[in-house]
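S.K.:
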Amino acid sequence: MAHILIVEDEDNIAAALEFLLARAGHSYRRTAGGLAALDEIRSNRPDLVLLDIMLPDISGYEIVVALRADPALRDVRVLLMTARGSVVERRKGLALGADGFIAKPFELSELRAEIARLLEHAN
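The sequence shown begins at 1 in full-length UniProt numbering and counts up by one.
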């Protein structure tokens, strides 16, 4: 069982993610804002962060940059999620240090596979 942080400001998407994680037996927490997410990551060091790029306060890109710049947090696994799933967005996210990228709306099977892949490489 992994501890996963959901950083998503849209309630319906967050609810779907929570359902998926609960069924898979993972523990999770959710925050809707980027600054709160950074505090949560520093406090509880999740095994994986499901991170929306477009957040109300700071972007998911800014969070990835902050994590990768912090020696204590640089190995936290991050899966970026965005409705703008272009090749340019994917390249940017991965170049900044995200471990994975998934476009919304996503297939649940694709998301499950990506979570499994990232958790397998955690630790």
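Here a beta-carbon is modelled for each residue, glycine too, at the ideal position from N, C-alpha and C.
#1: Helix, strand or coil for A116 per DSSP?
#2: Below 8 Å, how does it come out for the segment 79-90 and the segment 98-108: are there three or more Cβ pairs, yes or no?
#3: Can you give the Cα-Cα distance for I53 and E107, rounded to whole angstroms?
#4: Can the beta-carbon of L20 be found closer than 7 Å to that of I6?
#5: At the level of alpha carbons, what is the spacing between A32 and L48?
M.R.: The answer reads as follows:
#1: Residue mapping note: residue 116 aligns to position 116 of the sequence shown, counting from 1. Three-state result, A116: helix.
#2: In short, these stretches touch, since the Cβ pair count reaches three.
#3: Residue mapping note: residue 53 aligns to position 53 of the sequence shown, counting from 1. Residue mapping note: residue 107 aligns to position 107 of the sequence shown, counting from 1. One C-alpha to the other measures close to 18 Å.
#4: Along the sequence shown, read from residue 1 onward, the residue named residue 20 stands at position 20. Along the sequence shown, read from residue 1 onward, the residue named residue 6 stands at position 6. No. Outside cutoff.
#5: Against the sequence shown, residue 32 aligns to sequence position 32. Against the sequence shown, residue 48 aligns to sequence position 48. Distance between the alpha carbons of A32 and L48 is about 16 Å.
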